[in-house]
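Q: Okay, handing you the structure first.
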Amino acid sequence: MIPVNFRLKKKSEFRTIFEAGKSFPSKYTVLIVLKDSSGKKKFGFIASKKVGNSVERNRARRLMREVFRLHIAEINQDIQIICIARPSIKGASYSDVEKSILQALRKSRLLEQKV
Numbered sequence: 812m813i814p815v816n817f818r819l820k821k822k823s824e825f826r827t828i829f830e831a832g833k834s835f836p837s838k839y840t841v842l843i844v845l846k847d848s849s850g851k852k853k854f855g856f857i858a859s860k861k862v863g864n865s866v867e868r869n870r871a872r873r874l875m876r877e878v879f880r881l882h883i884a885e886i887n888q889d890i891q892i893i894c895i896a897r898p899s900i901k902g903a904s905y906s907d908v909e910k911s912i913l914q915a916l917r918k919s920r921l922l923e924q925k926v
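The sequence shown runs 812 to 926 under the working numbering.
Put into structure tokens, the structure is as follows:
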């Protein structure tokens, strides 16, 4: 589980990122990224009714949260990310979702480069 201090909770935080953030699509998700000067990493996860019923939406959010939990140390500081599940995530394996999210993070240049 991602610690509480890394989560986006307020509607106003989500709205700010949607308005000013940049979008990075991938096969199973869309990342909306906003560079923030507060020095904190924050993440929000969305799965709309287009993804499926509540069981499928919750599974999609769990998959996305787990990817970020395992790779949180590799993601640059000063960033706020909203991860939106696409309907294609339904029935996808964890490894497929992980590859998709990591590809979008590389495209957005948010992963720290390994030396």
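The C-beta atom is built at its ideal place from N, Cα and C for all residues, glycine as well.
What distance in whole Å lies between the Cβ atoms of residue 855 and residue 845, which are believed to be in contact at a cut-off of 8 Å?
A: Position 34 of the sequence shown, counted from the first residue, corresponds to residue 845. Position 44 of the sequence shown, counted from the first residue, corresponds to residue 855. Rounded, the Cβ-Cβ distance is 11 Å, inconsistent with contact.
Q: For the alpha helix (DSSP H) holding residue 829, just list the boundary residues, first then last.
A: Counting from 1 along the sequence shown, the entry for residue 829 is found at position 18. That run of the alpha helix (DSSP H) goes 822–831.
Q: Among 914, 864, 857, which one has its Cα closest to the Cα of residue 895?
A: Translated into the one-based positions of the sequence shown, residue 895 becomes position 84. Comparing Cα positions, the closest option is 857.
Q: Does the beta-carbon distance from residue 888 to residue 851 come in below 9 Å?
A: Stepping through the sequence shown from its first residue, residue 888 is reached at position 77. Stepping through the sequence shown from its first residue, residue 851 is reached at position 40. In this structure, residue 851 lies closer than 9 Å to residue 888 by Cβ.
Q: Residue 926 to residue 900, Cα distance in whole Å?
A: Here residue 926 refers to the residue found at position 115 of the sequence shown. Here residue 900 refers to the residue found at position 89 of the sequence shown. Note that residue 926 scores 47 on pLDDT, short of 50, meaning its location in the model is unreliable and no value can be drawn from it.
Q: Tell me which same chain residues have a C-beta within less than 6 Å of the C-beta of residue 914, skipping the five on either side of it?
A: Here the question's residue 914 lines up with position 103 in the sequence shown. Only 837 meet the Cβ criterion.
Q: I'd like to check one pair, residue 908 with residue 840: are the Cβ atoms closer than 9 Å?
A: Numbered from its first residue, the sequence shown carries residue 840 at position 29. Numbered from its first residue, the sequence shown carries residue 908 at position 97. In this structure, residue 908 lies closer than 9 Å to residue 840 by Cβ.
Q: Leaving out five residues on either side along the sequence, give the residues of the same chain with a beta carbon under 6 Å from the beta carbon of residue 922.
A: For the purposes of this step, residue 922 is identified with residue 111 of the sequence shown, where counting begins at 1. If we look at residue 922 and ignore the five residues flanking it on each side, its Cβ neighbours are 885, 916.
Q: What span of residues does the alpha helix (DSSP H) with residue 854 cover, start to end?
A: Within the sequence shown, residue 854 is the residue found at index 43, counting from 1. Counting along the chain, residue 854 falls outside any alpha helix (DSSP H), though it belongs to the beta strand (DSSP E) covering 852–857.
Q: Whose CA, out of 873, 890, 869, 842, lies closest to the CA of residue 912?
A: In the sequence shown, the residue the question calls residue 912 occupies position 101. Ranking the options by Cα distance to residue 912, first place goes to 842.
Q: Just how far apart, CA to CA, sit residue 897 and residue 862?
A: In the sequence shown, the residue the question calls residue 897 occupies position 86. In the sequence shown, the residue the question calls residue 862 occupies position 51. Their Cα atoms are separated by approximately 6 Å.
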